[in-house]
Amino acid sequence: MLLAGLSGVGRGWGDQMDRFASEFTTIVPDHPGTGASAPPVGKWTIEGHAAALADMVRSIRCGPVHVVGSSTGGAIAQVMALDHREVVRSIVLVSSWARADDFFRHQFAVRKDVLLRQGSDAYAQASALFLFSPRYFRDHYERVDAWCRQASSTDPATMSARIDMILAHDQLDRLGAIDVPAMVLVGSDDVCTPPYFSEELAAAIPGAFLTVLTGGHLIYKEDPGGFHRVVADFVHRH
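Sequential numbering from 70 applies to the sequence shown in the working numbering.
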């Protein structure tokens, strides 16, 4: 199960969907309230997302699943492993975090302000500075620009609610109760969720180990082959 980041839209995984589908039965859902999924009932929370996605696994009778969650998807994966253990076989937490700190809150306060004051296009342009490494920006600007054009369709009200949702995520003190195989993966140049967040996750989850690839927050786009190899190898082992 591939869980997308803050956008919540499964197609954001790009060619990783085909890469994983060539080896595994692969589920790529849209988060509640994004893409083709119905909005959540009541307040937007990571816990509510985890419950909805766990219910989806139960309804299609395909679990337990290996959950690969990028950023916000990684936050959801943490809660699925804690509160819905029976549907989870293993977790891979990519470019994620367990508890917001001052840097994280400041970053998203600025990004949310840009979104609400200047609109979705400016928000996408500003967000790209956090999501791609400078080297990738320089070497593949046309891909970054294409991502910005796609991301400019973001609905401000939905994204604002999702930003509030991720800022409220705090599972750090519970991670010691996770008892499924876990890998934590991050890009060395991740500005959005710097590597120290991943170090914190790996240290808190029993038996987890940390893998660092060269690249930024969207490491599965910057190093698609390397990302797929290390994640697929982990899943095959379990």
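For every residue, glycine included, the Cβ atom is placed at its ideal position computed from N, Cα and C.
Exposure of residue i, with buried meaning 16 or more beta-carbon neighbours within 10 Å
i	result
Val179	exposed
Thr262	buried
Ala150	buried
Tyr210	exposed
Val110	exposed
Gly143	buried
Arg298	exposed
Pro98	buried
Thr94	exposed
Asp84	exposed
Phe89	buried
Ser196	buried
Asp259	buried
Ala107	exposed
Ala105	exposed
Tyr205	buried
Boundaries (first-last residue) of the alpha helix (DSSP H) holding residue i
i	result
Ala193	189-200
Gly138	Per DSSP, Gly138 belongs to no alpha helix (DSSP H); it is in the beta strand (DSSP E), 134-139.
Glu116	115-129
Arg218	210-220
Asp302	293-306
Met86	85-90
Ala230	225-237
Residue span of the beta strand (DSSP E) that contains residue i, given as start and end
i	result
Arg158	157-163
Ala251	251-256
Residue i and residue j closer than 9 Å at C-beta
i	j	result
Ser122	Met86	The residue you asked about is not Ser; residue 122 is Leu in the sequence shown. Cβ distance not < 9 Å, so Leu122 and Met86 don't count as in contact.
Leu254	Val300	yes
Val126	Val156	yes
Trp166	His100	no
His175	Val304	no
Ile129	Lys181	no
Leu200	Val137	no
Leu282	Ile288	yes
Arg154	His307	no
Residue i at chain B interface by Cβ criterion, 9 Å
i	result
Gly111	Given the protein chain composition of this structure (a single chain), no chain B is represented.
(message) For the stretch 224-234 against the stretch 72-88, do three or more pairs of beta-carbon atoms, one drawn from each stretch, fall closer than 8 Å, so that the two count as touching?
(response) Contact holds: three or more Cβ-Cβ distances are below 8 Å.
(request) Say whether the stretch 158-165 touches the stretch 129-146, bearing in mind that this needs 3 or more beta-carbon pairs closer than 8 Å, one atom from each stretch. (result) Judged by Cβ distances under 8 Å, the stretch 158-165 makes contact with the stretch 129-146, as three or more pairs qualify.
(message) Runs of 3 residues minimum, wholly inside the stretch 258-289: which ones carry the beta strand (DSSP E) assignment?
(response) List check, beta strand (DSSP E) in window: 278-282.
(message) Could you check whether the stretch 270-285 touches the stretch 181-195, counting it as contact only if at least three pairs of C-beta atoms, one from each stretch, sit closer than 8 Å?
(response) No: the two stretches stay apart, fewer than three of their Cβ pairs being nearer than 8 Å.
(message) Closer than 8 Å is the cut-off here; do at least three beta carbon pairs connect the stretch 217-224 with the stretch 242-258?
(response) Remark: fewer than three beta-carbon pairs, one from each stretch, lie closer than 8 Å, so the stretch 217-224 and the stretch 242-258 are not flagged as touching.
(request) Taking 8 Å as the threshold, find out whether the stretch 232-251 comes into contact with the stretch 275-282 through three or more Cβ pairs. (result) In this structure the stretch 232-251 lies against the stretch 275-282, because at least three pairs of beta carbons, one per stretch, are closer than 8 Å.
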